[in-house]
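Same order as they appear, the protein sequences are chains Z and U.
Residue 175 in the numbering used here sits at position 175 of the first sequence, and the numbers go up by one each step.
In short: position in the second sequence from 1, add 327, done, that's the numbering used here.
Yeah, the Cβ is synthetic: ideal placement off N, Cα and C, and Gly gets one too.
Keep in mind the model is a prediction, meaning the values are calculated, not measured.
Working notes, beginning with the structure itself.
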Amino acid sequence: MSETIMQVQDLKVYFDVLPQGAMPWTKPRRLRAVDGVTFDLKAGETLGIVGESGCGKSTLARAVIRMIPAEAGSVLWLGQELLKFDKKQLRNQRKQVQMIFQDPLASLNPRMNIGEIIAEPLKTHYPETPKAEIKQRVREVMEKVGLLPNLVNRYPHEFSGGQCQRIGIARALIMKPKLIICDEPVSALDVSIQAQVVNLLKELQDEMGLSLIFIAHDLSIVKHISTRIMVLYLGNMVELSDSADLYAHPRHPYTQALISAVPIPDPEIERNKEVILIEGDLPSPINPPSGCVFRTRCPRAADLCAQQKPEWRDAGDGHMVACHFHD
Amino acid sequence: MLVDSQKVGDLAENLAKMDEVKGRSLWGDALRRFKQNKAAMVSLIILTLVILFSLTGQFLTPWSNEEIDWNIMGNVAEMGKPSFETGHYFGADDLGRDLYARVVQGSRISLMVGVVGALIAVIVGTLYGAVAGYVGGRTDQIMMRIVDILMSIPYMFVLILLLVVFGRSVVMLFVGIGLISWLDMSRIVRGQTLTIKNKEFVEAAQAMGVPGFKIIMKHIVPNLLGVVAVYATLLVPGMILTESFISFLGLGVQEPSTSWGALISEGAGTIQYGTPWQLWFPLAFFVVSLFCFFFIGDGLRDALDPKDR
Ligand code: SF4
Numbered sequence: 001m002s003e004t005i006m007q008v009q010d011l012k013v014y015f016d017v018l019p020q021g022a023m024p025w026t027k028p029r030r031l032r033a034v035d036g037v038t039f040d041l042k043a044g045e046t047l048g049i050v051g052e053s054g055c056g057k058s059t060l061a062r063a064v065i066r067m068i069p070a071e072a073g074s075v076l077w078l079g080q081e082l083l084k085f086d087k088k089q090l091r092n093q094r095k096q097v098q099m100i101f102q103d104p105l106a107s108l109n110p111r112m113n114i115g116e117i118i119a120e121p122l123k124t125h126y127p128e129t130p131k132a133e134i135k136q137r138v139r140e141v142m143e144k145v146g147l148l149p150n151l152v153n154r155y156p157h158e159f160s161g162g163q164c165q166r167i168g169i170a171r172a173l174i175m176k177p178k179l180i181i182c183d184e185p186v187s188a189l190d191v192s193i194q195a196q197v198v199n200l201l202k203e204l205q206d207e208m209g210l211s212l213i214f215i216a217h218d219l220s221i222v223k224h225i226s227t228r229i230m231v232l233y234l235g236n237m238v239e240l241s242d243s244a245d246l247y248a249h250p251r252h253p254y255t256q257a258l259i260s261a262v263p264i265p266d267p268e269i270e271r272n273k274e275v276i277l278i279e280g281d282l283p284s285p286i287n288p289p290s291g292c293v294f295r296t297r298c299p300r301a302a303d304l305c306a307q308q309k310p311e312w313r314d315a316g317d318g319h320m321v322a323c324h325f326h327d
Numbered sequence: 328m329l330v331d332s333q334k335v336g337d338l339a340e341n342l343a344k345m346d347e348v349k350g351r352s353l354w355g356d357a358l359r360r361f362k363q364n365k366a367a368m369v370s371l372i373i374l375t376l377v378i379l380f381s382l383t384g385q386f387l388t389p390w391s392n393e394e395i396d397w398n399i400m401g402n403v404a405e406m407g408k409p410s411f412e413t414g415h416y417f418g419a420d421d422l423g424r425d426l427y428a429r430v431v432q433g434s435r436i437s438l439m440v441g442v443v444g445a446l447i448a449v450i451v452g453t454l455y456g457a458v459a460g461y462v463g464g465r466t467d468q469i470m471m472r473i474v475d476i477l478m479s480i481p482y483m484f485v486l487i488l489l490l491v492v493f494g495r496s497v498v499m500l501f502v503g504i505g506l507i508s509w510l511d512m513s514r515i516v517r518g519q520t521l522t523i524k525n526k527e528f529v530e531a532a533q534a535m536g537v538p539g540f541k542i543i544m545k546h547i548v549p550n551l552l553g554v555v556a557v558y559a560t561l562l563v564p565g566m567i568l569t570e571s572f573i574s575f576l577g578l579g580v581q582e583p584s585t586s587w588g589a590l591i592s593e594g595a596g597t598i599q600y601g602t603p604w605q606l607w608f609p610l611a612f613f614v615v616s617l618f619c620f621f622f623i624g625d626g627l628r629d630a631l632d633p634k635d636r
């Protein structure tokens with residue numbers, strides 16, 4: 001059993017938003033971006049987080065590393081309360097967690113060359129590292145992610161999207177982190193390149209024993225890389241389970257709809273399969289529906305759903321789900 | 328199909344050994360575009376000549392800027408005409424001083440006022456605006472309200488008051504111009520910072536634990552420099568104009584020191600005595616230099632414009 005590196009308990013992130021054209025004295029309204037999320041993450045494991053855009057998955061990923069302040073809850077990083085870290089501890093923790101972003105080009109400073117970009121974490125945390133060693137390590141990680149090391153003096157705009165994402169990965173790897181947060185790392189890339197990047201991440205993970213938190217809005221990508229998958233809806237967890245199990249036997253109506261929307265490579269099955277359409281729009285997180293957050297769009301919604309919030313329960317074998325009438 | 332394995336092996340080896348490839352930085356690209364802009368390049372050359380003239384012009388004439396040519400005193404309109412024989416290339420001024428030497432001196436002061444004013448604006452305005460924009464929230468609000476308040480003061484009035492109260496000196500002029508020149512700059516920079524701040528590379532830097540001030544200096548400011556450079560080249564002529572205006576009013580630099588504005592003012596005052604060169608020479612320098620600055624600013628903007636990419 002590998003060690004648990006992160007434990008998140010009932011994490012809540014609220015934003016105060018002012019309505020358009022608000023006066024200085026109007027009370028801001030509460031936006032519940034993440035509303036009570038609980039999970040843990042083991043070393044070497046990948047947790048996929050899936051949900052529509054606006055469901056709070058990016059906010060969640062940033063809140064667990066304290067890029068965004070949390071309202072309530074706790075995050076234990078290697079057994080210590082991250083939310084209470086002082087500046088020095090936080091800086092120390094930053095060495096062990098890195099992040100990869102959605103837009104590969106935008107995540108690289110256009111005025112810096114590749115060498116500088118990749119070396120930046122190293123220079124930030126160990127400013128005394130000799131130049132030769134920095135150069136050596138930059139070359140190493142570049143090779144590791146499949147970039148020619150002689151390109152160090154090039155600038156980001158001279159690379160393709162996929163290569164830029166490799167640069168972003170190299171930058172994340174140079175500190176040999178324990179955890180990498182991947183915020184939709186492939187959704188801006190071509191489909192053919194998506195697979196390459198996902199495979200690269202997987203290889204690196206096996207090689208270095210990394211943990212990943214992998215965010216995507218689409219189940220098909222997450223399936224390949226994740227050990228476990230969490231499905232978020234409007235800042236709430238709706239289902240969390242082993243990747244294969246979740247895919248084969250989704251219990252929550254929302255997950256079932258998501259999975260039915262994933263295209264199947266076999267045209268015969270694809271034509272005959274039944275796609276569960278979710279009607280309506282995502283409700284506003286400023287005033288979420290009472291009871292179950294999904295009830296406004298749920299095909300199975302009943303009176304109970306409006307009155308009572310479904311509890312987070314085990315539907316067997318650690319397959320967690322939040323629904324009164326799950327399968 | 329035959330593949331020459333020997334050759335492929337060589338190629339692989341070459342690739343591995345290949346020297347580090349030089350990259351094309353955005354600055355390099357901008358420079359290349361700037362060089363293709365003829366008006367800007369010509370302006371740059373002319374401006375360089377003007378600057379050289381202002382620095383070394385005094386070595387090319389027998390006359391100093393203070394000496395009075397007693398031979399032509401009293402009859403400047405007749406004998407003080409521009410001519411190579413007398414050594415007064417640009418003629419003489421009303422007192423019989425060599426106008427060429429005076430223009431050299433005036434150019435030096437005017438350019439200095441422009442450059443120093445712009446420099447203050449660039450340094451103070453960039454840092455102030457970048458900090459306000461990056462920190463955001465209440466700090467930003469307070470910092471920008473201060474700028475608003477300073478801007479609402481009629482600065483020409485204050486500048487004139489300053490010069491009257493503390494006496495006319497070049498230092499006072501610098502202080503006065505420096506005080507107001509950075510306000511616009513800080514606003515522009517703040518606006519730009521707000522856009523850059525939301526780019527993912529800034530978030531990436533935050534995520535890897537880069538301290539705030541370093542993010543401003545390494546990630547925000549370098550990406551601002553394009554806008555700042557363009558605005559600064561347009562600011563220099565603005566400063567020169569302000570100084571000239573004040574000098575024209577008779578409040579700027581004090582005799583025996585001079586500037587383009589002061590020379591133009593003198594020349595305009597004596598135009599009815601038949602000495603037009605006293606106006607035309609300083610005016611020509613003034614106009615040509617201002618045009619050059621504007622063209623260079625324009626060229627820079629085109630070269631750095633992100634829409635071109
Ligand atoms: S609790 Fe009710 S509304 Fe919510 S998902 Fe289950 S069935 Fe649908």
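Cutoff 8 Å: residue i Cβ touching any chain U Cβ
{"i": "phenylalanine 214 of chain Z", "result": "no"}
{"i": "tyrosine 155 of chain Z", "result": "yes"}
{"i": "histidine 125 of chain Z", "result": "yes"}
{"i": "arginine 111 of chain Z", "result": "yes"}
{"i": "asparagine 272 of chain Z", "result": "no"}
{"i": "phenylalanine 101 of chain Z", "result": "yes"}
{"i": "serine 107 of chain Z", "result": "yes"}
Residues of its chain near residue i, where Cβ-Cβ distance is below 7 Å and the 5 sequence neighbours each way are ignored
{"i": "isoleucine 221 of chain Z", "result": "Val186, Gln194, Val198"}
{"i": "methionine 478 of chain U", "result": "Leu510"}
{"i": "proline 263 of chain Z", "result": "Glu270"}
{"i": "leucine 627 of chain U", "result": "Phe361, Ala556, Val557, Thr560"}
{"i": "serine 74 of chain Z", "result": "Gln9, Glu81, Leu83"}
{"i": "histidine 546 of chain U", "result": "Phe528, Val529, Ala532"}
{"i": "serine 381 of chain U", "result": "Val431, Ser434, Arg435, Leu438"}
Distance cut-off 7 Å: residue i Cβ against heavy atoms of the ligand SF4
{"i": "cysteine 55 of chain Z", "result": "no"}
{"i": "alanine 301 of chain Z", "result": "yes"}
{"i": "histidine 249 of chain Z", "result": "no"}
{"i": "cysteine 182 of chain Z", "result": "no"}
{"i": "proline 253 of chain Z", "result": "yes"}
{"i": "arginine 295 of chain Z", "result": "yes"}
{"i": "histidine 324 of chain Z", "result": "yes"}
{"i": "proline 310 of chain Z", "result": "yes"}
{"i": "cysteine 328 of chain Z", "result": "Given that chain Z is displayed from residue 1 to residue 327, the structure contains no residue 328 of chain Z and the question cannot be resolved."}
Counterpart residues of residue i in DSSP-defined beta bridges
{"i": "cysteine 182 of chain Z", "result": "Z:Ile100, Z:Phe214"}
{"i": "phenylalanine 39 of chain Z", "result": "Z:Val8"}
{"i": "arginine 359 of chain U", "result": "Answer by DSSP bridge pairing: none, since arginine 359 of chain U is not bridged."}
{"i": "glutamate 239 of chain Z", "result": "Z:Val231, Z:Val321"}
{"i": "aspartate 673 of chain U", "result": "Look at the range of chain U in this structure, 328 to 636, and you will see that residue 673 of chain U is not part of it."}
{"i": "serine 74 of chain Z", "result": "Z:Gln9"}
Sequence-distant residues of the same chain with beta carbon closer than 8 Å to residue i, five excluded per side
{"i": "valine 502 of chain U", "result": "Leu489"}
{"i": "leucine 200 of chain Z", "result": "Val145, Gly146, Arg166, Ile169"}
{"i": "proline 110 of chain Z", "result": "Tyr155, Pro156, His157"}
{"i": "threonine 26 of chain Z", "result": "Leu18, Pro19"}
{"i": "glutamate 311 of chain Z", "result": "Ala322"}
Proximity test, Cβ basis, 8 Å: residue i and chain Z
{"i": "glutamine 519 of chain U", "result": "no"}
{"i": "lysine 358 of chain U", "result": "According to the sequence shown, residue 358 of chain U is leucine rather than lysine. No, its Cβ sits nowhere closer than 8 Å to a Cβ of chain Z."}
{"i": "leucine 281 of chain U", "result": "Any property of residue 281 of chain U remains undetermined from this structure, which presents chain U solely from 328 to 636."}
{"i": "histidine 546 of chain U", "result": "yes"}
{"i": "glutamine 599 of chain U", "result": "no"}
{"i": "valine 449 of chain U", "result": "no"}
{"i": "phenylalanine 528 of chain U", "result": "yes"}
{"i": "lysine 524 of chain U", "result": "no"}
{"i": "leucine 488 of chain U", "result": "no"}
Same chain only: Cβ atoms within 6 Å of residue i, ignoring 5 sequence neighbours per side
{"i": "isoleucine 598 of chain U", "result": "Leu606"}
{"i": "alanine 366 of chain U", "result": "Phe622"}
{"i": "glycine 107 of chain Z", "result": "In the sequence as displayed, the identity of residue 107 of chain Z is serine instead of glycine. Phe101, Gly168, listed in sequence order."}
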